[in-house]
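Asks:
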Amino acid sequence: MEFRQLQLFVAVAEELHFGRAAARVGMAQPPFSQQIRKLEAELGVELLTRTSRRVALTSAGSRFLDDARELLARRMEVISTVRRAAQGETGPLRVGFGASSAFGVLPRIVLRFRSRFPEVKLELDDREKLDIGVALSTGDLDLAIVRAPFRHDGITVEQLLRERFVLALPVRHPRARQKAVALASLEGEPFILFPRHSAPGLHDTITSMCLGAGFSPLIRQEASSWPSVVGMVQAGLGITLAPMSAQALRPQGVVFRELSGGSAWAELAVAFRGPHLMPAAAHFRAIAHETITLAQASLPL
1 MEFRQLQLFV
11 AVAEELHFGR
21 AAARVGMAQP
31 PFSQQIRKLE
41 AELGVELLTR
51 TSRRVALTSA
61 GSRFLDDARE
71 LLARRMEVIS
81 TVRRAAQGET
91 GPLRVGFGAS
101 SAFGVLPRIV
111 LRFRSRFPEV
121 KLELDDREKL
131 DIGVALSTGD
141 LDLAIVRAPF
151 RHDGITVEQL
161 LRERFVLALP
171 VRHPRARQKA
181 VALASLEGEP
191 FILFPRHSAP
201 GLHDTITSMC
211 LGAGFSPLIR
221 QEASSWPSVV
231 GMVQAGLGIT
241 LAPMSAQALR
251 PQGVVFRELS
261 GGSAWAELAV
271 AFRGPHLMPA
281 AAHFRAIAHE
291 TITLAQASLP
301 L
């Protein structure tokens with residue numbers, strides 16, 4: 001039994017006239033009638049009664065008409081689902097990110113992606129012990145948002161955003177009244193940073209900035225999430241350096257000040273096993289670039 005035969009049967013069952021049904025599907029009547037006979041022979045039942053004046057459905061034909069319509073509808077549904085999956089409009093998408101890459105723009109990327117591709121099952125993975133490079137290489141992740149520099153064999157890294165660092169400090173800190181703070185003046189201040197294993201690029205960049213200003217940062221606390229870092233700054237346990245986009249989160253009890261004397265940049269990137277991406281991941285990458293472009297128009301990056 002072929003889907004074409006089902007289509008022909010539905011046509012004659014609805015028209016109850018072989019000539020009109022054949023014309024409807026663009027066939028000559030003799031081969032049309034032959035296909036209906038072939039279908040009945042394969043099923044071993046009579047689907048239609050035929051006389052010189054009329055065509056009518058048998059009881060078996062009436063039941064088969066419902067089933068045929070259902071099968072044809074299901075076929076179209078399957079075809080649509082497969083095509084949409086091939087176009088990246090459905091199916092799973094696994095995106096990894098480190099805590100240090102979640103500043104400001106990542107929620108915007110996710111919201112924009114969900115609004116455009118609501119049927120993609122987006123899975124975000126921010127596990128502290130996750131080795132993003134390995135997960136991308138093995139296919140456990142489809143792509144990731146990371147802080148550069150990020151290097152791993154076989155992984156393509158595209159820059160999304162390059163932004164300056166700012167100083168985050170408690171609102172009651174003496175330097176909170178300054179418009180800009182010299183990096184060299186932070187020697188001896190207690191720093192709160194992400195642990196290196198969770199944000200090696202960001203950790204090393206901040207450390208290098210401080211060393212370039214003539215001192216080694218006094219790291220008193222480490223926290224694996226931005227809310228935890230902010231909470232410690234709010235509590236007066238220390239200060240931190242953050243990418244400028246972190247200001248968009250506007251945490252209470254914390255102020256951000258320009259930083260002078262630091263030449264390094266914070267870089268946000270998208271990483272994936274290259275050079276090609278599955279369609280849903282390609283959509284996410286494109287939306288990430290688009291979101292960054294729009295964010296740069298509203299943030300002083």
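All residue numbers for the sequence shown refer to full-length UniProt numbering, where the first residue is 1 and numbers rise by one. The beta-carbon is built from N, C-alpha and C at its ideal position, and this holds for glycine as well. Remember, it's a predicted structure, so these values are computed and weren't measured experimentally.
Use the C-beta contact count for residue 145: other C-beta atoms within 10 angstroms, 16 or more gives buried, fewer gives exposed.
Replies: So residue 145 counts as buried.
Asks: Three or more beta-carbon pairs under 8 Å between the stretch 163–180 and the stretch 236–255, yes or no?
Replies: yes
Asks: Quick one: residues in its chain with C-beta nearer than 6 Å to the C-beta of residue 295, no 5 flanking neighbours on either side, listed in chain order?
Replies: Counting only residues of its own chain and dropping the five nearest sequence neighbours on each side, residue 295 has a CB closer than 6 Å to the CB of 105.
Asks: What are the partner residues of residue 260, as DSSP defines its beta bridges?
Replies: 182
Asks: Evaluate residue 287 with the Cβ neighbour count: other Cβ atoms within 10 Å of its Cβ, from every protein chain shown; 16 or more gives buried, anything less gives exposed.
Replies: buried
Asks: CB of residue 236 to nearest heavy atom of the ligand NAD: below 6 Å?
Replies: What this structure holds is no ligand at all, so the ligand NAD is not there to describe.
Asks: Does the Cβ of residue 240 have 16 or more other Cβ atoms within 10 Å, making it buried, or fewer, making it exposed?
Replies: buried
Asks: With a threshold of 16 other CB atoms inside 10 Å of the CB of residue 13, please say whether the residue is buried or exposed.
Replies: buried
Asks: Ignore the nearest five residues each way along the sequence and tell me which others in residue 91's own chain have a CB closer than 8 Å to its CB.
Replies: 85, 120, 121, 280
Asks: Should residue 9 go down as buried or exposed, given a rule of 16 or more other Cβ atoms within 10 Å for buried?
Replies: By the neighbour-count rule (16 or more Cβ atoms within 10 Å), residue 9 is buried.
Asks: To which residues of the same chain is residue 207 closer than 7 Å at the C-beta, ignoring the five residues directly before and after it?
Replies: 217
Asks: So residue 263 and residue 212 are supposed to be a Cβ contact under 8 Å. How far apart are they, rounded?
Replies: 7 Å
Asks: Leaving out five residues before and five after residue 193 in sequence, what residues of the same chain have Cβ atoms less than 7 Å from its Cβ?
Replies: 203, 206, 219, 222, 240
Asks: If we ignore side chains and look at the alpha-carbon of each, how far apart do residue 233 and residue 185 end up?
Replies: 18 Å
Asks: Let me make sure I understand the geometry here. Which of 38, 30, 17, 15 has the alpha-carbon closest to that of residue 5?
Replies: 38
Asks: Considering residue 81, what are the terminal residues of the alpha helix (DSSP H) in which it resides?
Replies: 59–86
Asks: State the DSSP-derived secondary structure class of residue 242, mapped to helix, strand or coil.
Replies: Residue 242: strand per DSSP, three-state reduction.
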